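Under numbering that gives the first Met the number 0, the first residue of the sequence shown is numbered 0, with each subsequent residue one higher.
For each residue, glycine too, the CB sits at the ideal point set by N, CA and C.
In this text the structure is predicted, and so the values were computed from the model without any measurement.
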Amino acid sequence: MKTPSKYAIALTASLGLFMAILDTTIVNVGLVPMSKAFNTDLNTMQWVLTGYLLAQAAVIPVSGYLGNRFGQRRIFMLSLGFFTFGSLLCALSSNESWLIAFRVIQGLGAGALFPLGQAIAFGAFPPEKRASAAPIVGVPILLAPAFGPTIGGLIIDNWGWEYMFYINVPVGLVTILLVWWVLPADVTTQVRAKARFDYLGLILSMLGLLAIVYAFTLVSEIKPNTQSAFNPRGELYGWGYWLVWALIGVGLLLLAIFAWYELKISKDPVIDLNLFKDYNFSTSSLVIWFAMIVLFSSLLLIPVFLQQVRVPHLSALDTGLALMPQGIAAFFGVAFGAKFFSRIGVRNLVLIGTLILLASTWPLMNLSPETDGSALLPWLLLRGISFGMIAIPVQTLATQRITGPALAKANSLFNMIRQIAQSTGNALIISLFAQQTLQHATELREQAMKALPVGTLLNPNSPQFLAMREQLATKAGTTAVNDVFTAMAYGALLMLILALALPNRKKQAEGLTAGSDSQAKLEAALMG
């Protein structure tokens, strides 16, 4: 049998990535329809997204070890099977509780697809040629988040929310067959035979990570029995809730113990923190953390604005179509980043991409309740271009000098950082939006009450009162969206500063030339 080309291997691995990432964003436009179908509120349905992200974040730390221990192809196929089975269960869910539980199962399968898929794709190329794989890997990373809402909207408006999950079943089965056919068989190595499972490290990392991410999601939860006709949004737990800080404290403590254990005691660490000794990896990890928050969290906020704030609300399909230009523009950003990765260097690419991001964020700070998809078009195009110029070059730089068993571990750690950033970013965006909406709604309601003649009695069920409440909610929501995009602009300014820490073109080339020596030292550290 003819050996598959490195491009065929990378493309096949990217299919699994595409499925996993697509299901992260395809649900964004489905939260409102699903909440109506199950007769529950959006705060409950948010756990359909949060549970999926939490499950992914829990699996990512161990996926590198599993790939090295049992074989990347074997674990990749098993993860695809778990993801496909979870999708079927989600489609068959009879209530929101089962749906959330089955999304966790789906997320457990998707979590390993991120690092292993990228390790397989980049590992098919020698270190000096990995920039050539960037466009292939960049398709699922950048285009799935942009096209996910469009695909989700089309499915929901025509067939119903269940088919967002049903569609994964045949696609998942075909992908499993392709992986079995195209990817080379796993080879048993001495490293795999000697490796031992780091149970304690896994438990510490999972519990610490889950505690912190859950704390961020708890901030935007509504307190029980605080909603009324005059205050339909209720009160949020907010940052002053003691349990939020207790969870953050416990999570940080567990992660600190985890770091000490992995560096000082464990002989076969589930995540080898020695990877941070590589300058390219450590600086890239720092940049991608903030990039994920600023870039990808907006993919959640824009659908919220179009479907829940703007008047009239857009349908799921129209919301997805409004985001499509961002996906198309991402093609050009990925291609530009791959072409000029070596010519101008990652630092300049990220600086240019961040300036474009800033230019696209400024108009989004001044949205109105009447803003539609056509008004967002030029700014979403710019955001799409910036996606490819920032995320993919940084990802490529992070693993440029890493090969062998270290590559799977590096991708595992890098994707864990990326997933944590996305999870916390989404939680922070939702929290800030909810808090600002509540604050502005309270202020506007007080102003409206003061403007009424003395002695006026309000019937909370009257058409006039309901219309006034809707107007106040729209204005408060629009102002809150503008506040969040203002915060994103400050985040983009911080990214400009962080980009200066990336190696310039000369150091980037020198690092690649010295890669063999650096790699030997790095693999020695990873293997004890």
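Member of the options whose CA lies at the smallest distance from the CA of residue i
i      : options                           : result
ILE496 : GLN399, ASN347, GLU445 and ASP482 : ASN347
ILE429 : GLN105, PHE413, ASN157 and PHE304 : PHE304
GLU95  : ALA7, PRO114, TRP160 and GLY110   : TRP160
ASP371 : TRP259, SER93 and HIS312          : HIS312
TRP244 : ALA214, PHE275 and ASN425         : ALA214
LEU350 : MET494, LYS263 and GLN117         : MET494
VAL218 : LEU427, GLY70, ILE256 and ALA374  : LEU427
GLY237 : ILE256, ALA255 and THR216         : THR216
GLN71  : MET33, LEU182, SER341 and VAL173  : LEU182
PHE275 : THR485, GLY490, ALA405 and SER359 : ALA405
ILE301 : ARG382, ARG342 and ARG444         : ARG382
ASN167 : ASP317, GLY80 and LYS474          : GLY80
ILE155 : LEU21, PHE331, VAL31 and LEU14    : VAL31
VAL170 : GLY200, PHE69, PRO125 and GLY15   : GLY15
LEU431 : ASP22, GLU220 and THR39           : GLU220
LYS128 : ALA440, THR473, ARG400 and GLN421 : ARG400
ILE175 : LEU208, THR24 and SER13           : SER13
LEU53  : ASN38, VAL28 and THR23            : THR23
GLU469 : ALA440, PHE124 and PRO362         : ALA440
ILE264 : LYS474, TYR198, SER422 and ALA420 : TYR198
LEU299 : TYR260, GLN421 and LEU201         : GLN421
THR49  : GLU369, ARG444 and VAL26          : VAL26
THR39  : TRP288, LEU98 and SER86           : LEU98
PRO582 : ALA498, ALA433 and GLY403         : The structure shown does not extend to residue 582, since the chain spans only 0 to 527, so no value can be given for it.
ILE287 : MET467, TYR240, LEU242 and GLY352 : GLY352
PHE101 : ILE119, ALA123 and TYR51          : TYR51
SER4   : ALA57, ILE119 and SER92           : ILE119
Coarse secondary structure for residue i, derived from DSSP in three states
i      : result
ILE301 : helix
ASP516 : Reliability fails at ASP516, whose pLDDT of 41 lies under 50, so the model's placement of it is uncertain and the value that follows must be treated cautiously. Looking at ASP516 - three-state DSSP - the assignment turns out to be helix.
ALA192 : Here ALA192 scores only 48 on pLDDT, less than 50, and its place in the model should not be relied on; the value that follows carries that caveat. Helix at ALA192.
LEU235 : strand
ILE221 : strand
ASN157 : helix
ILE8   : helix
ARG529 : It is not possible to answer for residue 529, since the shown part of the chain is limited to 0 through 527.
SER204 : helix
PRO169 : helix
LEU14  : helix
ASP22  : helix
ASP573 : The structure shown does not extend to residue 573, since the chain is modelled only from 0 to 527, so the question has no answer here.
ASN94  : coil
LEU441 : According to the sequence displayed, residue 441 carries Thr and not Leu. Here THR441 sits in helix by DSSP.
ARG400 : coil
PHE124 : coil
TYR260 : helix
TYR240 : coil
SER385 : helix
SER86  : helix
ALA475 : helix
SER422 : helix
Nonlocal neighbours in the same chain, by C-beta distance under 6 Å from residue i, ignoring five residues either side
i      : result
ASN414 : ILE59, PHE113 and PRO114
LEU10  : ILE135
ALA210 : LEU246, VAL249 and GLY250
LEU206 : LEU253
GLY476 : VAL308 and THR436
GLN55  : GLY106, ALA109, GLY110 and GLN418
SER78  : GLY108, ALA111 and LEU112
ALA90  : GLU161, PHE164 and TYR165
ALA328 : LEU380, GLY383 and ILE384
ALA19  : ALA109 and LEU112
ALA500 : THR282
GLN189 : Annotation note: pLDDT 45 at GLN189 (below 50); position unreliable, no value reported.
Contacts around residue i, its chain only, beta-carbon distance under 8 Å, and the 5 residues preceding and following it disregarded
i      : result
LEU492 : LEU357
THR485 : MET364
ILE74  : SER62, LEU65, GLY66, ALA111 and LEU115
LYS408 : GLY63, TYR64, ASN67, ILE270, ASP271, LEU274 and LEU525
Cβ-based neighbour list, residue i, same chain, cut-off 7 Å, excluding 5 preceding and 5 following
i      : result
LYS520 : Only weak support is given to the placement of LYS520: the predicted model assigns it a pLDDT of 35, under 50, and the value that follows is read from those uncertain coordinates. Excluding positions up to five away in sequence, the list is empty.
GLY424 : MET291, ILE292, PHE295 and SER296
Test: residue i CB closer than 8 Å to a CB of chain B
i      : result
ALA466 : Absence of chain B from the displayed structure is noted, only one protein chain being present.
May I have a chain-ordered list of the alpha helix (DSSP H) segments no shorter than 4 residues that lie completely inside the region 263–294?
278–290
Unbroken alpha helix (DSSP H) runs of length 4 or more, entirely within the region 312–383: which are they?
315–338 and 344–363
Sufficient close CB pairs (3 or more, under 8 Å) joining the region 479–493 to the region 327–339
Touching, no.
My parser needs the alpha helix (DSSP H) runs of 4 or more residues fully inside the region 24–68; what are they?
Taken in chain order, the complete alpha helix (DSSP H) segments of 4 residues or longer contained in the region 24–68 are 30–36.
Between the region 147–157 and the region 315–329, are three or more C-beta pairs nearer than 8 Å?
yes
Would the region 410–424 count as touching the region 373–389 if we require 3 or more Cβ pairs under 8 Å?
In this structure the region 410–424 does not lie against the region 373–389, because fewer than three pairs of beta carbons, one per stretch, are closer than 8 Å.
Can you confirm whether the region 280–287 touches the region 383–400 when touching is taken to mean that 3 or more C-beta pairs between the two stretches lie within less than 8 Å?
yes
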